[in-house]
Amino acid sequence: MTGGSAFGFAVRVHRRRLGLSQEELAERVGLSISTIGKVEAGRISRPRPVTVRLLADAFGLTGAERDEFCRGDSAPPVAAQLPPDVHPFAGRAEELAGLDALLDGARERPSVAPIAVLSGMAGVGKTTLAVHWAHQVSERFPDGQLYVNLRGFDPSGRVMEPADAIRGFLDALGVPPDEIPAGPDAQAGRYRNLLAGRRVLVLIDNARDAEQVRPLLPGTPAALVLITSRNQLTGLIATGGAHPLPLGVLSPGESRDLLNERLGAARIAAEPGALPDIVEACAGLPLALSIAAARAQQSGFPLTALAADLNEAGHRLNVLDAGDPLSDVRAVFSWSYATLTPPAARLFRLLGVHPGTDLSTFGAAALSGTTLAETRRLLSQLTRANLATERRPGRFTQHDLLRAYAAELVPPDEADTAVIRILAHYVHTACAANRLLNPTLKPLAVPLLPLPPGAEPEPIPGQQAAITWLATEHTNLLAAAANTAGAGLHAYTWQLAWGLDTFHYRQSHPHDQATTWEAAVVAAEQLDMPGVQAYTHRRLGEAYRRLDRTGDAYAQAREALRRYRDAGDRPGEGDVHLDLSMLAEHEGNLEEALEHAEHALTAYRAATDSDAGLARCLNTVGWFRTLLGDHAGALDYCRTALAINIRLNSEENIASTLDSLGSAYQGLRRYAEAVDHYRRAAEGFRRMGDPPLMAETLERLGDTHYEAGDPQAAREAWTEALTARTALNHKPEAQSLTRKIHTLGSASSERPGGAGCGASDPRASGREPTS
0 MTGGSAFGFA VRVHRRRLGL SQEELAERVG LSISTIGKVE AGRISRPRPV
50 TVRLLADAFG LTGAERDEFC RGDSAPPVAA QLPPDVHPFA GRAEELAGLD
100 ALLDGARERP SVAPIAVLSG MAGVGKTTLA VHWAHQVSER FPDGQLYVNL
150 RGFDPSGRVM EPADAIRGFL DALGVPPDEI PAGPDAQAGR YRNLLAGRRV
200 LVLIDNARDA EQVRPLLPGT PAALVLITSR NQLTGLIATG GAHPLPLGVL
250 SPGESRDLLN ERLGAARIAA EPGALPDIVE ACAGLPLALS IAAARAQQSG
300 FPLTALAADL NEAGHRLNVL DAGDPLSDVR AVFSWSYATL TPPAARLFRL
350 LGVHPGTDLS TFGAAALSGT TLAETRRLLS QLTRANLATE RRPGRFTQHD
400 LLRAYAAELV PPDEADTAVI RILAHYVHTA CAANRLLNPT LKPLAVPLLP
450 LPPGAEPEPI PGQQAAITWL ATEHTNLLAA AANTAGAGLH AYTWQLAWGL
500 DTFHYRQSHP HDQATTWEAA VVAAEQLDMP GVQAYTHRRL GEAYRRLDRT
550 GDAYAQAREA LRRYRDAGDR PGEGDVHLDL SMLAEHEGNL EEALEHAEHA
600 LTAYRAATDS DAGLARCLNT VGWFRTLLGD HAGALDYCRT ALAINIRLNS
650 EENIASTLDS LGSAYQGLRR YAEAVDHYRR AAEGFRRMGD PPLMAETLER
700 LGDTHYEAGD PQAAREAWTE ALTARTALNH KPEAQSLTRK IHTLGSASSE
750 RPGGAGCGAS DPRASGREPT S
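Numbering (numbering that gives the first Met the number 0), first residue to last: 0 to 770.
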């Protein structure tokens, strides 16, 4: 019989394996509780043989395992296999707290072994975080910490077999080589038996898939298993009850903290302007940040030089190479890429040339030229491998450095063909969405180019779906427009501006509207089509008006008018006069505004097939008449316009005309009729997704209620308008509404100021839709 402490350790392990308390074991064996406690504590160095036999019987031990126990030397050494902790360690407070919570929660589930799967893209710091946390909690696992690198993603390509990992664990647990069972199943059984009842942390690093991990899971609830993998190991979470802990990139603040720790606060403070550029170039990837810091530490060059190198086009991944496979971002990415099937690898490459920031499943199908079902399957492979991220259902993105790596892998011809497919997808879908938003738009002067093979537009079932799609894809569509302009795809450039125009107009994006039409003006000059050239100048002028660039707006309108006249296009002339009427209104010149509106009406009356344009002109003339005090005359024009718009089922023009009629009735103090028309107009603007015009109409509705002596109804309408203005960040208008609402609660008898009867109201966009 050897040392009592080793024997006591074995007694404790077997007792815990059976889930017995010391009291229960003492009763089962026929010994005192004190004796059991002394044996486990090692204070009885040589238990009597009969005591040993009684304990072996109580534990149900047989064969070689009973012999080992009776010899008193069955307790293996305490394993301490954790790799060294990383210093300095920065950030990850939320993830560390999550791991702590998992460990603390294990006490509430004493029969279940907690398993955590820490997954994320290559270089995101999974191993660093796992090892750091394991060191922090090592004291809570007094029976040992096991570690194995399964080499699931290794430059050698030699993935460790589970049986090899188990043999390594048996060695660490003190099993002599000649006592290790021959078969993998027997080895796994011996491994689980040795861990039974022991408080052990098992860190399984760099796993390739769930199949590689399952044989290494201990059966004891006293252990905790922490797994890291570039794959999400969904199967282990689904069938093994593992807890997913996805690891993202560092926040900008955490990235700055890491660089501060590595480089020192003094060096950072000496060049504060360089830090944001380095942080942005590394995009929160800990490996990239560490390599950048190492280069700065070794070279001693100014941080501004490092920032310039990192931000040089096409050079970033070269800078993020520290000279060995483990510290080369490109090489680390390549190990994940090498595990993909050929179709998934192709899609991964093509994601690198997508002009936008993220894309839908439909967009990915167009980019790759594959079916929707096949695209979904390939995207699932990429997300499971953390080579793409499904940031919300059906929308996928890639880390900036992954995109740069993917783009390097694409042959130029394959890249060009894929980009044309996705651009065609965006152009066709955007134009279809615009037509749904504004069905009365004139046909495109340049027909859409045929879709290339493999590209399809996304189906959009109705107006609300069109608004949602344009809002969701807005950033991508702007990127696509910039891409088409840079590539000289002139038809696509102006058609994207057209496809986005109604959305930009109604959703109050005048800067983006101006940017797209500026590119469209340049593109139109390359197209031998005067009507397109005139149209682009006209719409750019409208965008400038909304940006208060009145001089530029007049210049664009005059150029458009000249071109329409040269082409003999009377409706085009009429459209420009409508724009000029709004510009005059914007400057407070209502007589000139009415004059332009009447010129527009004359031009449209000369055109026999332009009922929609005629209705717009009639409504605009009526609007300016009511602003000038001729409310009765305004009713005649606006009623005629409303009848035409109802016949055409033009929802936007109906809402706009109802709003004008409301103003005329308000001016005539026919308040009930004004309220009815305003409410119907506001509801129409709401359905169309036009919050600016809805807010303007609601404000006038509130004014009408106030004039009619109903302050409570006025408050409700103004409050709803204020909510819309606040959401749009329209600060002056919001402040005006706030003052009106405040006036209702004051003792002042003055009426709130606003766009009441006869007042000039620069809401000109309500008179005429984008066309």
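The beta-carbon is built from N, C-alpha and C at its ideal position, and this holds for glycine as well. In this text the structure is predicted, and so the values were computed from the model without any measurement.
Which of helix, strand or coil DSSP assigns to residue i
i: Asn-482; result: helix
i: Ser-20; result: coil
i: Ile-419; result: helix
i: Ala-115; result: strand
i: Asn-310; result: coil
i: Glu-472; result: coil
i: Gly-218; result: coil
i: Pro-392; result: coil
i: Asp-565; result: helix
i: Gln-144; result: strand
i: Val-224; result: strand
i: Pro-854; result: Residue 854 lies beyond the residue range present for the chain, which begins at 0 and ends at 770; the question has no answer from this structure.
i: Asp-256; result: helix
i: Ser-359; result: strand
i: Val-130; result: helix
i: Asp-323; result: coil
i: Pro-245; result: strand
i: Asp-204; result: strand
i: Ala-282; result: coil
i: Ala-720; result: helix
i: Ala-79; result: strand
Spatially closest choice to residue i from the options, by CA coordinates
i: Asp-699; options: Gly-688, Ser-735, Ser-359 and Ala-470; result: This sequence places Arg at residue 699; Asp is not what is there. Looking at the Cα atoms, Ser-735 is the closest of the given residues.
i: Arg-391; options: Gln-380, Thr-369 and Ser-359; result: Ser-359
i: Gly-240; options: Ala-105, Ala-496 and Pro-87; result: Ala-105
i: Ala-478; options: Asp-177, Val-426 and Arg-16; result: Val-426
i: Gly-571; options: Ala-181, Leu-727, Ala-712 and Gln-532; result: Gln-532
i: Arg-668; options: His-704, His-729 and Gln-135; result: His-704
i: Glu-373; options: Arg-345, Thr-388, Ala-384 and Tyr-636; result: Arg-345
i: Trp-516; options: Leu-526, Gly-540, Ser-33 and Asp-527; result: Gly-540
i: Gly-182; options: Arg-47, Asp-163 and Val-12; result: Asp-163
i: Ala-293; options: Val-12, Phe-58, Ala-269 and Glu-260; result: Glu-260
i: Val-248; options: Leu-641, Asn-385 and Ala-264; result: Asn-385
i: Met-528; options: Ala-129, Arg-562, Tyr-504 and Leu-194; result: Arg-562
Contact set for residue i: own chain, Cβ-Cβ below 6 angstroms, skip 5 residues either direction
i: Gly-18; result: none
i: Arg-679; result: Leu-657
i: Pro-113; result: Leu-101, Ala-105 and Leu-223
i: Arg-65; result: Ala-55
Residues of its chain near residue i, where Cβ-Cβ distance is below 7 angstroms and the 5 sequence neighbours each way are ignored
i: Asp-500; result: Asn-433, Gln-512, Arg-538 and Thr-769
i: Val-10; result: Val-38, Glu-39 and Leu-54
i: Glu-558; result: His-536
i: Trp-132; result: Leu-95 and Leu-98
i: Phe-684; result: Ala-654, Leu-692, Met-693 and Thr-696
i: Arg-255; result: Leu-274 and Val-278
i: Ala-522; result: Ala-484, His-489, Thr-492 and Trp-493
i: Phe-332; result: Ala-121, Leu-401 and Tyr-404
Whole-number beta carbon distance between residue j and residue i, since they are thought to touch under 8 angstroms
i: Leu-436; j: Phe-502; result: 7 angstroms
i: Gly-530; j: Asp-574; result: Their Cβ separation, rounded to whole angstroms, is 11 angstroms, which puts Gly-530 and Asp-574 out of contact at 8 angstroms.
i: Ala-723; j: Met-693; result: 6 angstroms
i: Leu-600; j: Val-620; result: 6 angstroms
i: Leu-422; j: Thr-474; result: Not really, about 15 angstroms apart at Cβ, beyond 8 angstroms.
i: Gln-231; j: Pro-161; result: Rounded, the Cβ-Cβ distance is 19 angstroms, inconsistent with contact.
i: Leu-727; j: Pro-690; result: 6 angstroms
i: Gly-29; j: Gly-7; result: Rounded, the Cβ-Cβ distance is 19 angstroms, inconsistent with contact.
i: Ala-480; j: Ala-518; result: 6 angstroms
Contact set for residue i: own chain, Cβ-Cβ below 8 angstroms, skip 5 residues either direction
i: Glu-253; result: Ala-89, Gly-90, Arg-91 and Gly-283
i: Cys-430; result: Leu-443, Leu-447, Gln-494, Trp-497 and Gly-498
i: Leu-378; result: Leu-346, Thr-360, Ala-363, Ala-387, Glu-389 and Phe-395
Minimum Cβ-Cβ distance from residue i to chain B less than 7 angstroms
i: His-398; result: This model lacks chain B altogether; it includes just one protein chain.
Using 8 angstroms as the Cβ pair cut-off and three pairs as the minimum, do the region 440-454 and the region 346-356 touch?
By the C-beta criterion, the region 440-454 is judged not to be in contact with the region 346-356, since fewer than 3 inter-stretch pairs fall below 8 angstroms.
If contact is defined by three or more beta carbon pairs under 8 angstroms, each pair taking one atom from either stretch, is the region 351-371 in contact with the region 304-323?
no
Should the region 453-461 be called in touch with the region 394-401, which here means at least 3 C-beta pairs below 8 angstroms?
no
When you compare the region 172-179 with the region 213-228, are there three or more beta-carbon pairs, one atom per stretch, that lie closer than 8 angstroms?
no
The region 660-680 / the region 628-642 touching (three or more Cβ pairs under 8 angstroms)
yes
Taking contact to mean at least 3 C-beta pairs separated by less than 8 angstroms, is the region 139-149 in contact with the region 299-313?
no
How do the region 146-155 and the region 206-215 stand: do at least 3 beta-carbon pairs fall below 8 angstroms, yes or no?
yes
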